[in-house]
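Encoded as structure tokens, the structure appears first; notes follow it.
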Amino acid sequence: MILAKMNKAQNGFVLPYVLVAIAILSIAGTIAAQRLQRTSRMILQIQSDANSELAMMSAEAKTIFSVLTAVPVVGGLDLNAQSSAVQADSFYSSRSSGDNVPSDLWSGAGQFRQTNTSYGPVLVQYRDGAGLLPLNTAEPKLIAKFLTARGIKSETARGMAAKLADYRDPDHHRRFRGAERGDYRLRDQPPPTNSPLRSFAELDAILGWAEPLATLDRRALMDAAILSPAISGMKTIFVSPELRKDLGLVETNFSLALQQDGIEQSIAGDRYPSNQMRLTFLYRDPSGRFLKRVVEIERKINSLDRPFRKSEVYDAVVSGDDAASAGFGQGTQGTKLKNVIFTPSDRAR
Numbered sequence: 001m002i003l004a005k006m007n008k009a010q011n012g013f014v015l016p017y018v019l020v021a022i023a024i025l026s027i028a029g030t031i032a033a034q035r036l037q038r039t040s041r042m043i044l045q046i047q048s049d050a051n052s053e054l055a056m057m058s059a060e061a062k063t064i065f066s067v068l069t070a071v072p073v074v075g076g077l078d079l080n081a082q083s084s085a086v087q088a089d090s091f092y093s094s095r096s097s098g099d100n101v102p103s104d105l106w107s108g109a110g111q112f113r114q115t116n117t118s119y120g121p122v123l124v125q126y127r128d129g130a131g132l133l134p135l136n137t138a139e140p141k142l143i144a145k146f147l148t149a150r151g152i153k154s155e156t157a158r159g160m161a162a163k164l165a166d167y168r169d170p171d172h173h174r175r176f177r178g179a180e181r182g183d184y185r186l187r188d189q190p191p192p193t194n195s196p197l198r199s200f201a202e203l204d205a206i207l208g209w210a211e212p213l214a215t216l217d218r219r220a221l222m223d224a225a226i227l228s229p230a231i232s233g234m235k236t237i238f239v240s241p242e243l244r245k246d247l248g249l250v251e252t253n254f255s256l257a258l259q260q261d262g263i264e265q266s267i268a269g270d271r272y273p274s275n276q277m278r279l280t281f282l283y284r285d286p287s288g289r290f291l292k293r294v295v296e297i298e299r300k301i302n303s304l305d306r307p308f309r310k311s312e313v314y315d316a317v318v319s320g321d322d323a324a325s326a327g328f329g330q331g332t333q334g335t336k337l338k339n340v341i342f343t344p345s346d347r348a349r
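Position one of the sequence shown corresponds to residue 1 (the working numbering), numbered consecutively onward.
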């Protein structure tokens with residue numbers, strides 16, 4: 001009787017312990033499963049990022065090779081160096097006038113092409129550097145006009161443009177609405193470098209720029225401007241319609257339109273590309289994100305050891321709408337985009 005009562009009492013205590021143990025094991029299993037899922041997602045994301053970087057690097061290598069071996073012609077680059085247009089415009093032409101080898105023009109006015117990689121297609125946009133607003137050489141009035149079109153108040157824009165001009169010029173003479181060393185010292189800010197801007201991030205260091213910049217789309221600003229001191233003027237053939245509108249260049253005679261505003265900025269009618277080019281890469285990774293990379297390539301003339309100089313502008317993840325407006329998906333909308341590398345199969349038959 002006594003043993004039976006003890007066994008019955010023990011059974012009453014064992015059941016709650018079993019239920020608690022089961023609950024603890026289930027909670028631990030759930031936590032372990034969640035961590036495993038997070039780890040799996042992290043591994044997949046790391047793999048996706050690695051593949052995306054490889055796709056971008058492959059596209060960059062192919063595109064840089066293509067543009068460096070291309071021949072500058074009116075309107076852009078001819079990727080087929082043996083075309084009739086190139087031969088007729090060169091000093092080393094040995095082709096008879098009867099031959100008609102098609103050209104493969106890649107327009108420097110923002111034309112898109114496509115390059116195929118092992119990780120999917122990458123869209124590439126080429127715009128000549130002379131089709132962008134040169135922040136290091138443009139006149140203050142032209143920069144003020146650009147900033148006003150982007151939503152900055154006219155008076156503020158003129159002050160920003162004057163301060164930028166004082167920041168980049170080599171002298172210490174303060175211009176109207178500008179700022180020199182004394183103005184920076186009064187506000188406990190580092191003095192101006194009195195040299196060309198080296199990166200877009202340096203714009204925040206200019207007196208009076210940080211607060212207005214916060215209201216602007218920084219990537220849109222970088223898409224429309226260039227920092228290369230080698231670009232001293234703009235060439236209208238390469239300027240985008242959006243930038244023309246911002247600068248008020250809607251007339252046929254752009255130079256006359258600027259002169260009427262008191263701007264003497266060089267707006268050249270030269271139709272040949274410069275040695276500075278802006279390349280924009282767009283790639284859709286396996287997770288559906290649209291990745292954008294913007295780089296600048298400067299062709300070095302008579303420099304076999306270093307034929308080009310590359311500088312990165314920015315990397316970003318953009319929305320599907322931004323990618324579509326930038327041209328992603330053009331290859332599926334009526335006409336197939338050409339490849340960035342010319343091949344004999346591209347020739348007209």
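C-beta: ideal position from N, C-alpha, C; glycine also.
Treat the numbers as computed from the prediction; the structure is a model and nothing was measured.
Whole-number beta carbon distance between residue j and residue i, since they are thought to touch under 8 Å
i	j	result
residue 135	residue 213	Incorrect: roughly 12 Å between the Cβ atoms, too far for contact.
residue 273	residue 76	6 Å
residue 66	residue 341	5 Å
residue 124	residue 281	6 Å
residue 296	residue 313	6 Å
residue 132	residue 225	6 Å
residue 179	residue 163	5 Å
residue 192	residue 181	7 Å
Best match in the options for proximity to residue i [C-alpha to C-alpha]
i	options	result
residue 53	291, 298 and 123	291
residue 275	130, 29 and 57	130
residue 233	138, 164, 62 and 297	138
residue 209	165, 226 and 169	165
residue 299	69, 27, 61 and 55	69
residue 270	23, 128 and 153	128
residue 158	144, 170 and 169	144
residue 277	182, 163 and 235	235
residue 187	195, 194, 193 and 205	205
residue 365	284, 203, 72 and 230	As shown, the chain starts at 1 and ends at 349. That puts residue 365 outside it, with no answer to give.
residue 284	316, 153 and 40	316
residue 222	201, 215, 33 and 180	201
residue 287	17, 73 and 43	43
residue 337	192, 113 and 194	113
For residue i, three-class secondary structure by DSSP
i	result
residue 153	coil
residue 67	helix
residue 20	helix
residue 200	helix
residue 298	strand
residue 283	strand
residue 316	strand
residue 218	helix
residue 230	coil
residue 311	strand
residue 120	strand
residue 272	coil
residue 170	coil
residue 115	strand
residue 235	strand
residue 341	coil
residue 306	coil
residue 61	helix
residue 132	coil
residue 189	coil
residue 240	coil
residue 176	coil
residue 211	helix
residue 249	coil
residue 183	helix
residue 334	For residue 334, the pLDDT reaches just 40, beneath the cut-off of 50, and the residue's location in the model is therefore unreliable, although a value from the coordinates is still provided. In the structure shown, residue 334 sits in coil (DSSP, three-state: anything other than H, G, I, E or B).
residue 143	helix
residue 33	helix
residue 27	helix
Beta-bridge pairing of residue i - partner residues as DSSP gives them
i	result
residue 106	77
residue 291	283 and 317
residue 194	In DSSP, residue 194 forms no bridge with anything.
residue 72	77
residue 56	None, per the DSSP bridge assignment.
residue 160	According to DSSP, residue 160 bridges with nothing at all.
residue 225	133
residue 126	111 and 279
message: Could you check whether the stretch 148-161 touches the stretch 102-117, counting it as contact only if at least three pairs of C-beta atoms, one from each stretch, sit closer than 8 Å?
response: no
- prompt: Is the stretch 104-114 in contact with the stretch 303-313, if contact means three or more CB pairs nearer than 8 Å?
  reply: no
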